[in-house]
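Numbering-wise, the sequence shown is residues 868 to 1042 according to the working numbering.
Here the structure comes first, spelled out in structure tokens, and everything after it is commentary.
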Amino acid sequence: MTIYTKTGDKGSTSLFDNKRVSKDDIRVESYGTVDELGSFMGLAKNYVDDKEMYELIESIQNKLFTVATNLATEDSKKVKHHILEKDIDDLEKIIDLYMGRLNNPTGFIVPGSGKKSAYLHVARTVCRRAERRIITLSGHAEVDPLVIKYVNRLSDCLYAMARYSEEKETHVKYM
């Protein structure tokens, strides 16, 4: 089996519903950034020494396939899996869990106290970029509002995980 089709050699690609668009289309940019986010989360996951956080990251990575599929499909009737309010509630529970474990989390910090937290912070910033790309897409096409809400909440979740990881890795100085 080959993975190359040669159909993209002139700068176009197929969406999930087989419509061809330019590779720099905002829809492609949106789901491509979500793909990048999933990869950075995979990198961060490899430095996590906490089974609970590892499994949460893996679960979120799987949910990002749902986000990307929604973004890669113009016709929402063709989308088989959707982001649900429960998915957002789950992220909020994770945020509350990790923020509740912090010692007086006030002020700013410089990311990078350790590898785990640094990679989680990179994932957080990629998530915020994905959100910006999705917002741009929503100005041109229909985007499920729950997808936007999920990605917004996910950046907060990654922030909470990174802050918690920093406190576990080193003594954090808040500015």
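Just so it is clear, CB atoms sit at the ideal spot from N, CA and C, and this is done for glycine as well.
In chain order, what residues of the same chain have a beta carbon less than 6 Å from the beta carbon of residue i, not counting five sequence neighbours either side?
| i | result |
| --- | --- |
| His988 | Pro978, Ala1029 |
| Val901 | Leu931, Val934, Ala935, Ala997 |
| Asp916 | none |
| Ser1022 | Arg991, Cys994, Arg995 |
Could you check how far apart the C-beta atoms of residue i and residue j are, in whole angstroms? I think they sit under 8 Å.
| i | j | result |
| --- | --- | --- |
| Gly967 | Thr1037 | 20 Å between Cβ atoms; not a contact. |
| Glu1034 | Leu964 | The Cβ separation is near 14 Å, so there is no contact. |
Short of 7 Å in beta carbon distance, which residues of its chain neighbour residue i, apart from the five on each side in sequence? Order them along the chain.
| i | result |
| --- | --- |
| Ala990 | Leu904, Phe907, Met908, Ala911, Leu1025 |
| Leu923 | Ile961 |
| Tyr914 | Lys982, Lys983, Tyr986 |
| Tyr1031 | Tyr965, Arg968, Leu969 |
DSSP three-state label for residue i, please.
| i | result |
| --- | --- |
| Thr1049 | Since the displayed the chain opens at 868 and closes at 1042, residue 1049 lies outside it and no answer follows. |
| Arg968 | coil |
| Val888 | strand |
| Leu1021 | helix |
| Asp947 | The identity of residue 947 in the sequence shown is Lys, whereas the question assumes Asp. Lys947: coil per DSSP, three-state reduction. |
| Gly979 | coil |
| Thr1003 | helix |
| Tyr898 | helix |
| Thr992 | helix |
| Ile870 | coil |
| Tyr986 | helix |
| Glu952 | helix |
Which residues in the same chain have their Cβ closer than 8 Å to the Cβ of residue i, if we skip the five residues on either side of it in sequence?
| i | result |
| --- | --- |
| Arg894 | Leu882, Val888, Leu938, Ala939, Glu941, Leu1004, Ala1008 |
| Lys918 | none |
| Val1018 | Val901, Val934, Cys994, Ala997, Glu998, Ile1001 |
| Lys945 | Phe883, Asp884 |
| Lys886 | Glu941 |
| Val1014 | Val934, Asn937, Leu938, Ile950, Ile1001 |
Here's the rule: buried if 16 or more other CB atoms are within 10 angstroms of the residue's CB, otherwise exposed. What is residue i?
| i | result |
| --- | --- |
| Gly899 | buried |
| Met868 | exposed |
| Tyr871 | exposed |
| Ser897 | buried |
| Asp954 | buried |
Which one of the options has the shortest CA to CA distance from residue i?
| i | options | result |
| --- | --- | --- |
| Asp891 | Ser926, Tyr871, Gly878 | Gly878 |
| Asn971 | Asp876, Ala1027, Lys983 | Ala1027 |
| Pro1012 | Ser1032, Asp956, Ile976, Leu951 | Leu951 |
| Met920 | Leu958, Asp876, Lys953 | Leu958 |
| Val1010 | Ile976, Thr880, Asp876, Ser943 | Ser943 |
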